[in-house]
Each structure stands twice: as C-alpha cells, then as structure tokens.
Amino acid sequence: MPFEIRQLRYAIAAADHGSFYRAARALDIEQSTLSRSISKLERSIGMSIFERSRAGVKTTLAGAAFIRGARPMVATADKLVTMMLAAGQGRAGGLLLGYNSSVSAGNLRATLISWREAHPDVELECVEADRSLLLAGLDTGEIDIAILMGTPSHNGFRCEPLWSERMLAALPASHPLAQRDIIHWTDLRGEHFLLPAADPGPEIRDMLLGRLPISGGKPDIRMSRASRETVLSILGANSGVTIVCEGSTGAIYPSVVYRPIHGEQGPALTGYSGCWRDDNRNPALRRFLGFIKTRYALSFDFSPRFR
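Given below as structure tokens:
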C-alpha cells in the first residue's frame, strides 16, 4: 500500500476542518508535519486531494471520493487496534470453559451469566464432558479452565476450590420422604438409588458409599448408562431415588421433587474446583480467574504464574 493510515487520518482531519492549521490543532501536531504528510500522500497516489488557498483547503472532486473511501479504512484500523488492546487485557478474545455437572441452577450458572454480562466482547464457549475428557482438553490446551465437582488433583494443573453447593435427593412425588422439607442421610438407608454412569454419577456414588454404611452390605446403587436428564425423567414412574447437586434443580421433571439433604453438621455440601494450566497465557483466562476470585472472595493467587 503506497500510503499509511496516519496519512489518511491527517487528510480526513484536513477535509473535516477545511484548514491544515485547524486540523493540526485538533490532532495536536505541528502544521508543517501535517502538511508534509498530506503532500507525500498526494504524490503517492498521483493526484491532488486538496485545493489550497489563503482561506484554507477544500477537496478536489477526486479528493472528495478518496476521502470517502479513506474513512472506513481508518475506522476499521481503529477498531482493530481497540480490539487487540482489549484482547490483551482479557476484555475480548475467547475463553473455553469445561464442566462436568448441570448448569440449570447454582453458582456455575450464575457465574457464567454474570461473566457474559460484564464481558460481552469475550466469546465464551462451554463444553460439558466427563472429567477425564476435560482434563485431556486442559492437557492439550483446547480448554482454558475446567470447573469440576469435588477436589481433583492432577500433576501439571493448578486446581483451586471455588465454591460449595447443597446436595439434594430427587424422588417421586409419591415417595413417603417427599412429604418432608428436609431429608437426613439416615433417612436414605435402604433406598434404591439410580445414578448416571457419566459424571458426576461416580462422584455421587462414592459419596453415598461413605455416608450410608450398612451393616453387612452396601447401599443399593445402580449405575445407568442413561444421561442425568433421562434418569430424572423416569424417576417419577418408579420408587427409586437419585442424588443431585444444586446445579441440577433448575430443571423440572414430571412427578419429581427435590429435597435438601442434611447431615449431623447441617446441609450436605459438595465442593467445586477450577483447574487450569499454569502456562496458559490467555488474557481472558486471567481476567476470568480474577472475576471468580472477587465474586466469591477467594484467596488463591494466580497472577505471578502468568508473568
């Protein structure tokens, strides 16, 4: 290209102000600098853009057409610079977040909604998958951060606790326990449990095995190949029980009710953790981590890892 964006900017300013002097004042540069730059631009394109007089300048017929074409070029250049600055500060660009539990309610859903509202220029893409696939995505760099139920640990990843959510029993509306406002772990002994084999089913199964010790045996737990949504959909037609985290309670299923579970110390809770690679340099990830840290008053330190 035989000219620079700076030269186009000077020419547009001169056309708008009708004077090299006033254009230079508006751009906060020397008039001689602007005049030389426009003269060089005219030599480069092989035509005069302005007619000069003591009264100032006005565009030639060809110059007026040139200025019309230059305006969108300068606007696009300005937009590109602004976009790159925003991306470098994490206010634009992209962020790929993975999770292994429902987002129909709960803290993760609220976090994602608030993040989108605060950062509309960051393209947030979410993927739900089992823990092993999410960790593999972190390892290859395809995923920026994974938010997982429980407290995972993995060599090479940074994993920090984020928040806790209540655990609830999902049961048919006709079930005797559905008449209670609160269910205790001890109330669930002897129940038939149906859990999805996919995440977070195995995590919940391990929780039940630890919470419901039965003399001489284990809790009656069946792991289904059906999805979490299918398990809840068919629950109302039988006497089984399933356990869900608070993030699943935003979805309503026919003849199914949710009841919070309590233990000896109060509501039963499960924790969620965020995992990311220390060497991930995505500015949007850094801003997202800061957003979560502020939102939930967390104390983990991530800034030095990005320098």
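Numbering (full-length UniProt numbering), first residue to last: 1 to 307.
We treat Cβ as the ideally placed atom computed from N, Cα and C, and that holds for glycine.
Since this is a predicted model, take the numbers as computed values, not measurements.
- Between the stretch 101–113 and the stretch 129–143, the count of Cβ pairs shorter than 8 Å is below three; the stretches do not touch.
- Short of 7 Å from the beta carbon of E246, and not among the five residues preceding or following it, lie these beta carbons of its own chain, in chain order: A105, G106, E165, R166, L168.
- In the displayed model, A64 falls within a helix according to three-state DSSP.
- Contact check for A178 against R228 fails: the beta carbons are separated by 8 Å or more.
- In the structure shown, I12 falls within a helical segment according to DSSP collapsed to helix, strand and coil.
- A straight-line Cα-Cα distance of about 12 Å links A26 and R9.
- Selection E123, T242, E160 evaluated against I183 yields T242 as nearest (Cα-Cα).
- A contact is defined here as three or more CB-CB pairs under 8 Å, and the stretch 52–59 meets this definition with respect to the stretch 14–24.
- Following the DSSP letters along the chain, one finds P283 inside the alpha helix (DSSP H) bounded by residues 283–295.
- Residue nearest to H119 within the set F291, P152, A297 is F291 (criterion: CA-CA distance).
- Rounded to the nearest angstrom, the Cβ distance from G274 to L162 is 5 Å, consistent with a contact under 8 Å.
- Annotation for M167: the continuous beta strand (DSSP E) segment containing it runs 157–172.
- D199 places its beta carbon 8 Å or farther from that of N282.
- DSSP, read as helix, strand or coil, puts G236 in coil.
- A distance below 8 Å separates the beta carbons of L188 and L212.
- Here G263 is exposed: its Cβ has fewer than 16 other Cβ atoms, across all protein chains shown, within 10 Å.
- Annotated as distal: S233 and L195, with beta-carbon spacing of 8 Å or more.
- Around the beta carbon of F300, a 10 Å sphere encloses fewer than 16 other beta carbons of the protein chains shown; the residue is thus reported as exposed.
- For D220, the uninterrupted beta strand (DSSP E) run begins and ends at 220–224, by DSSP.
- Non-local beta-carbon contacts of R222 in its own chain, meaning distances under 6 Å to residues more than five positions away in sequence, involve L194 in chain order.
- Counting the other Cβ atoms within 10 Å of the Cβ of A297 gives fewer than 16, which makes it exposed.
- Between the alpha carbons of L96 and R68 lies a distance of about 40 Å.
- Around the beta carbon of A146, 16 or more other beta carbons sit within 10 angstroms, so the residue counts as buried.
- In this structure, DSSP gives V57 an extended state, which the three-state scheme calls strand.
- Collapsing the DSSP output to three states places S273 in a strand.
- Its chain contains N100, A198, D199 as the residues whose beta carbon lies nearer than 7 Å to that of D130, once the 5 sequence neighbours on both sides are disregarded; these appear in chain order.
- In the structure shown, G201 falls within a helical segment according to DSSP collapsed to helix, strand and coil.
- It is roughly 20 Å from the alpha-carbon of P176 to the alpha-carbon of A268.
- It is roughly 27 Å from the alpha-carbon of E191 to the alpha-carbon of V103.
- A straight line joining the alpha-carbon of G98 with that of Y21 spans about 57 Å.
- Taking R158 as reference, the option from L285, D181, K40, R116 with the minimal CA-CA separation is L285.
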